[in-house]
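Numbering (the numbering used here), first residue to last: 9 to 404.
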Ligand code: NAD
């Protein structure tokens with residue numbers, strides 16, 4: 009079939025296998041150009057490994073440190089006349105590149121929140137690797153079925169307490185409008201914490217520990233975001249922020265549990281970037297467009313791959329994690345410098361539909377978004393007949 013982007017609101021319902029492969033290859037090239045990470049991880053489990061920060065974590069570990077990787081994700085395979093999701097194609101490409109480089113890579117497509125997937129992954133670690141020395145937790149999901157109660161929890165993106173009104177970007181048209189988001193109702197907070205909080209990270213760690221598949225000195229990392237005050241009502245102080253607080257609670261619990269292995273749990277606060285998950289958050293895409301403009305002009309812009317390479321190379325594996333006062337790793341440090349935030353703050357005050365093309369990096373936002381689905385990459389013939397039914401070697 010001829011594969012073109014089909015955008016519905018903040019998602020793209022098609023993906024291009026060759027474009028996704030190019031996107032993965034570009035990320036691998038970034039990491040390889042920076043040379044080998046000395047004393048890097050050797051055997052890595054990435055939960056949420058097919059897109060965004062998790063994919064870049066897997067690429068950084070494999071191609072930056074020659075690590076064996078196991079990836080877990082929830083993606084849809086392709087059919088003769090229907091494309092797979094981008095994460096499926098990304099993983100197919102990752103596995104073939106890993107194989108060509110002589111690196112072990114095995115993947116699991118299923119619900120990471122379930123006991124069954126945890127047990128399958130543990131069996132694979134036992135059979136193939138013995139133990140893992142690094143576990144990355146990078147799930148972003150709108151819902152979770154609880155493995156013991158069977159209850160289905162749904163996460164929402166809402167402010168707590170009062171209506172939040174601010175500027176918002178229509179990512180399709182570039183119009184800057186105003187959005188008002190109603191505050192939480194009922195058990196919205198508890199629901200969101202159940203999905204995006206730390207309970208499942210703890211369940212994974214407990215299961216891995218009980219099975220004896222965590223190596224001495226293991227490090228486990230979950231990802232968070234804080235961002236500037238303009239986004240706090242919808243992010244840091246909203247329902248998702250409550251879930252991230254819960255992640256920090258669990259990080260401390262896991263530190264205690266991993267002490268027997270001289271292990272360490274971390275929350276890493278990462279930069280705001282265009283991913284499938286972040287595109288769904290109101291207000292954030294406008295902030296990202298302004299942030300990209302400023303950071304590209306300053307020469308400090310990074311994408312998920314540069315962020316994750318820096319996390320592994322300059323924080324987790326060089327003995328200098330540089331935790332903040334709350335014990336978190338901060339690779340959002342360049343985003344959060346006072347200088348960058350002052351400039352973005354000025355743009356935020358001034359931006360409207362008429363001047364957005366000048367003040368914001370809309371082109372950068374849109375091209376980043378399309379690249380997530382394998383569109384707009386150089387060297388891909390988008391007019392050519394393309395087979396959407398691509399296999400992931402270790403999944404089928
Ligand atoms: P993403 O949507 O690109 O990736 C989500 C991953 O989770 C995918 O691999 C997907 O397959 C997997 N997944 C979802 N539900 C699953 C399930 N039930 N079972 C197995 N896998 C499942 O998202 P992202 O933006 O890379 O987010 C990853 C983490 O990084 C999140 O914790 C997010 O809050 C955090 N983060 C994101 C940003 C940002 O700006 N994007 C910034 C800082 C922190």
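Note that beta-carbon positions come from the ideal geometry of N, C-alpha and C, so glycine has one too.
Residue i Cβ short of 7 Å to the ligand NAD heavy atom set
| i | result |
| --- | --- |
| residue 377 | no |
| residue 284 | yes |
| residue 177 | no |
| residue 279 | yes |
| residue 233 | yes |
| residue 121 | yes |
| residue 21 | no |
| residue 319 | no |
| residue 269 | no |
| residue 82 | yes |
| residue 147 | yes |
| residue 239 | no |
| residue 442 | This structure leaves residue 442 out entirely; the chain is present only between 9 and 404. |
| residue 77 | no |
| residue 95 | yes |
| residue 57 | yes |
| residue 61 | yes |
Proximity of residue i and residue j at Cβ, strictly below 8 Å
| i | j | result |
| --- | --- | --- |
| residue 45 | residue 325 | yes |
| residue 209 | residue 255 | yes |
| residue 176 | residue 290 | yes |
| residue 279 | residue 369 | no |
| residue 231 | residue 297 | no |
| residue 19 | residue 284 | yes |
| residue 261 | residue 140 | no |
| residue 418 | residue 146 | Residue 418 lies beyond the residue range present for the chain, which begins at 9 and ends at 404; the question has no answer from this structure. |
| residue 182 | residue 15 | no |
| residue 307 | residue 251 | no |
| residue 287 | residue 377 | yes |
| residue 225 | residue 264 | no |
| residue 144 | residue 55 | yes |
| residue 104 | residue 401 | yes |
| residue 343 | residue 294 | no |
| residue 241 | residue 349 | no |
| residue 168 | residue 245 | yes |
| residue 238 | residue 174 | yes |
Close Cβ partners of residue i (< 7 Å) along its chain, the five nearest in sequence each way excluded
| i | result |
| --- | --- |
| residue 95 | 58, 59, 81, 83 |
| residue 311 | 281 |
| residue 13 | 20, 22, 378, 381, 383 |
| residue 35 | 64, 67, 313 |
| residue 170 | 191 |
| residue 111 | 70, 74, 76 |
| residue 249 | 243 |
| residue 309 | 300, 303 |
8 Å Cβ shell around residue i - same chain, five flanking residues per side excluded
| i | result |
| --- | --- |
| residue 87 | 396, 397 |
| residue 365 | 182 |
| residue 329 | 274, 323, 337 |
| residue 89 | 9, 396 |
| residue 203 | 149, 150, 151, 152, 161, 162, 163, 251 |
Integer Cβ distance of residue i from residue j, believed to fall under 8 Å
| i | j | result |
| --- | --- | --- |
| residue 317 | residue 42 | 6 Å |
| residue 247 | residue 192 | 6 Å |
| residue 70 | residue 106 | 6 Å |
| residue 215 | residue 126 | 5 Å |
| residue 243 | residue 184 | In fact, because the Cβ distance is near 19 Å, the residues do not count as touching under 8 Å. |
| residue 155 | residue 122 | 6 Å |
| residue 394 | residue 9 | 7 Å |
| residue 73 | residue 49 | 6 Å |
Neighbourhood of residue i by C-beta distance below 6 Å, restricted to the same chain and skipping five residues each side
| i | result |
| --- | --- |
| residue 68 | 39, 316, 317, 320 |
| residue 27 | 382, 383, 385, 388 |
| residue 259 | 273, 275 |
| residue 223 | 139, 141 |
| residue 62 | 54, 56, 146 |
| residue 219 | 130 |
| residue 363 | none |
| residue 403 | 115, 117 |
Beta carbon proximity, residue i to chain C, threshold 8 Å
| i | result |
| --- | --- |
| residue 26 | Judged by its chain identifiers, the structure shown contains no chain C, having just a single protein chain. |
- Using 8 Å as the Cβ pair cut-off and three pairs as the minimum, do the stretch 348-368 and the stretch 321-338 touch? no
- Query: Is there contact here, the stretch 70-81 with the stretch 100-119, by at least three beta-carbon pairs under 8 Å?
  - Reply: yes
- Task: Taking 8 Å as the threshold, find out whether the stretch 193-200 comes into contact with the stretch 153-169 through three or more Cβ pairs.
- Result: yes
- Between the stretch 97-109 and the stretch 128-144, do three or more beta carbon pairs fall short of 8 Å? no
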